[in-house]
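Heads up, this note's numbering is the position in the sequence shown plus 3, with the first residue counted as 1. C-beta: ideal position from N, C-alpha, C; glycine also. All values reported here derive from a predicted model rather than from experimental measurement.
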Amino acid sequence: MDKPGYIFDRDFEWQHLARFAERAGERPQLGVVTGRRRQGKTYLLEALAASTGGLYFGATQATASESLALFAEAVGGHLDSPVPPRFADWNEAVTFLYTSPSLRSAVVVVDEFPYLTDVATALPSILQREIDRGATRGSGPSLLLCGSALSVMGRLLAGNAPLRGRANLELVVRPFDYRLAARYWGIADPRLAALTHAVVGGTPAYRAYVNDDHPRDQADFDGWVLRTVLNPGTPLFLEARYQLAEEVTGMRETSLYHSVLAAVAAGNNTRGGIATHVGRKATDLTHYLHVWEDTGLLVREEDVFRSGRSRYRIAEPLIVFYEVVGRPQWGRLEAGRAEAVWSDARPRFTAQVLGPHFESLCRRWALLAEPEVFGVLPGEVGAGVVTDPTGRTQIQVDVVVFAPAQPDRPRQVLSLGEAKWGKVMTLAQVDRLRRAAQLLAGRGFDTDATRFTCYSGAGFDEQLRAAAASDERIQLVGLPDLYASG
Ligand SMILES: Nc1ncnc2c1ncn2[C@@H]1O[C@H](COP(=O)(O)OP(=O)(O)O)[C@@H](O)[C@H]1O
Ligand SMILES: [Mg+2]
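So, in structure tokens, the structure goes:
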């Protein structure tokens with residue numbers, strides 16, 4: 004089954020979906036497709052339903068009886084029957100789905116499934132019953148349940164949930180990786196690609212939101228920002244606000260949820276830092292942090308050298324951009340004063356958005372690096388802080404690469420790296436990394452072959468380049484390397 008030409012990449016996802024569809028009719032199947040909003044789940048599933056002549060139903064926020072009527076309508080449309088079926092309740096609807104001769108070998112997509120379980124809480128158990136009956140009979144549809152509410156979708160298959168153990172496909176549709184995103188936007192210049200990625204990330208929908216407008220060159224970047232994400236006339240302008248509101252509707256203390264994200268975006272990204280920023284005790288924040296983590300928008304990353312210490316990161320660049328640039332000046336932006344807002348926010352964008360974003364691109368690059376880069380295939384990549392007891396200082400290491408852990412062997416550090424978006428790097432950075440390696444060796448890490456890797460968005464001075472040329476333990480990684488096809 005060929006992937007339609009209009010779908011960019013997603014070869015892996017399509018392959019799994021196509022195989023699922025090809026098995027339809029052999030036996031009943033259950034597949035679950037998740038991923039944050041705007042990643043192209045519906046796009047893929049509609050295409051799949053269309054190319055298999057399957058049934059696609061996209062649920063909406065509606066009452067139980069309205070949803071049921073809409074579902075009956077979709078089934079009627081699919082069966083092309085002059086009189087659409089009528090269902091008294093979901094029990095009848097699901098039984099029909101599993102026993103109708105014309106549906107039992109079909110691919111059936113139920114998109115936005117959490118909207119249905121919101122109003123019909125028994126739906127998962129009803130499905131479980133019919134799936135099990137279908138399994139006994141050996142016939143039933145190939146059902147794909149899809150949803151963006153990650154917490155709801157996660158609970159669907161967890162623990163003792165009714166559908167646990169019944170799915171034979173679980174697919175997560177993620178944003179495009181940063182290199183793929185550059186190709187998707189048609190940007191060949193690595194620096195421009197990194198700048199653009201810091202605003203729109205790898206979320207496919209955002210290209211259509213700006214009618215495929217992309218910055219033509221570095222000089223056009225500011226103009227592009229003004230034409231798109233800061234322009235009240237594009238859907239991209241409201242997108243971050245819309246997504247955040249969607250996640251916390253109906254919750255108590257929504258302002259606290261928002262302040263927690265603002266704290267992280269501002270760089271106060273430890274538990275204590277967030278607490279200080281929002282003016283609460285760290286212990287009071289546990290619930291709020293968990294809720295954000297459940298949505299997939301907030302990610303907790305452990306310090307690789309200090310267990311129990313972690314930093315939070317916002318997973319969607321557009322949200323970071325909104326928190327740092329848009330939110331503080333929202334009124335002025337709505338009034339069309341984007342130019343003034345952007346020139347005022349430009350330094351914050353560089354410090355709070357580009358700096359951390361560049362670090363995370365470097366970690367991503369390191370994680371996907373070929374074995375030649377660090378000697379062996381990386382096992383784990385993260386950031387960490389090494390405490391220097393003599394000077395009572397702390398050395399922040401942006402990119403730490405470990406070899407795969409081996410039992411009863413000291414943890415092997417393949418690389419210690421520092422990332423600087425806007426600064427020409429010098430030997431001073433290597434000296435810091437060397438000092439960190441020394442301290443780590445003292446703590447029992449294997450640093451015998453550790454490389455010192457400098458990642459820069461602005462280049463390296465002559466001395467550092469000369470040192471790197473003669474010492475294979477010093478590595479220089481620039482933007483073209485980050486974007487070289489890996
Ligand atoms: N692989 C892709 N190739 C091209 N465009 C895509 C792709 N995935 C998503 N899009 C664009 O993003 C839009 C939103 O995707 P959608 O399927 O609605 O996301 P989701 O269902 O995950 O919220 C699509 O309408 C399409 O314009
Ligand atoms: Mg969708």
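Is it buried or exposed, residue i, if we count other Cβ atoms within 10 angstroms and call 16 or more buried?
i	result
Lys-423	buried
Lys-426	exposed
Thr-66	exposed
Gln-441	exposed
Gln-18	exposed
Val-416	buried
Gln-399	exposed
Met-4	exposed
His-81	buried
Tyr-86	With the sequence shown as reference, residue 86 is identified as Val, and Tyr is not the correct amino acid for it. Exposed: under 16 other Cβ atoms inside 10 Å.
Gly-34	buried
Ala-469	exposed
His-290	exposed
Ala-492	The structure shown does not extend to residue 492, since the chain spans only 4 to 489, so no value can be given for it.
Gln-246	buried
Thr-393	exposed
Thr-45	buried
Ala-431	exposed
Tyr-486	buried
Ser-84	exposed
Pro-218	buried
Gly-236	exposed
Confirm, please, whether the CB-CB distance from residue j to residue i is below 8 Å.
i	j	result
Gly-275	Ala-285	yes
Arg-454	Ser-488	no
Val-384	Val-356	no
Leu-172	Phe-23	yes
Phe-361	Val-202	no
Val-97	Ala-52	no
Glu-222	Gly-204	It should be noted that the sequence gives Ala, not Glu, for residue 222. Not in contact: Ala-222 and Gly-204 (Cβ atoms no closer than 8 Å).
Leu-364	Ala-197	yes
Leu-436	Glu-421	yes
Glu-133	Tyr-101	yes
Leu-336	Val-344	yes
Leu-300	Glu-250	yes
Leu-482	Pro-117	no
Leu-195	Asp-220	yes
Pro-144	Arg-107	yes
Phe-308	Val-232	no
Met-156	Thr-298	no
Pro-178	Gln-42	yes
Glu-16	Leu-47	yes
Gly-445	Ala-406	no
Gln-478	Thr-429	no
Ala-341	Asn-234	yes
Arg-312	Glu-304	no
Thr-206	Glu-49	no
Gln-131	Arg-158	no
His-200	Tyr-181	yes
Phe-1	Cys-457	Absent from the structure is residue 1, since the part of the chain shown begins at 4 and ends at 489.
Leu-321	Ala-243	yes
Gly-162	Pro-31	no
Arg-314	Asn-271	no
Ala-269	His-280	yes
Which partner residues does residue i have in the DSSP bridge list?
i	result
Tyr-59	Val-112
Gly-387	Val-400
Ala-422	Tyr-458
Asp-449	Gln-415
Gln-355	Gln-355 pairs with nothing; no bridge assigned.
Gly-150	Thr-37
Met-428	Phe-463
Ser-145	Gln-32, Val-110
Glu-305	Ser-313
Glu-173	Val-35
Leu-479	Cys-457
Phe-405	Glu-383, Val-416
Thr-273	Arg-314
Residues proximal to ligand 1 by C-beta, any heavy atom closer than 5 Å: Ile-10, Phe-11, Arg-13, Arg-40, Arg-41, Gln-42, Gly-43, Lys-44, Thr-45, Tyr-46, Pro-207, Ala-208, Ala-211
Cβ pair count under 8 Å reaching 3, the stretch 55-73 against the stretch 185-197: no
The stretch 135-154 contacting the stretch 325-334, beta-carbon criterion three pairs below 8 Å: no
The stretch 120-127 touching the stretch 79-90, judged by at least three CB pairs closer than 8 Å: no
Contact between the stretch 288-298 and the stretch 246-265 (3+ Cβ pairs under 8 Å): yes
Three CB pairs or more closer than 8 Å across the stretch 217-236 and the stretch 378-397: no
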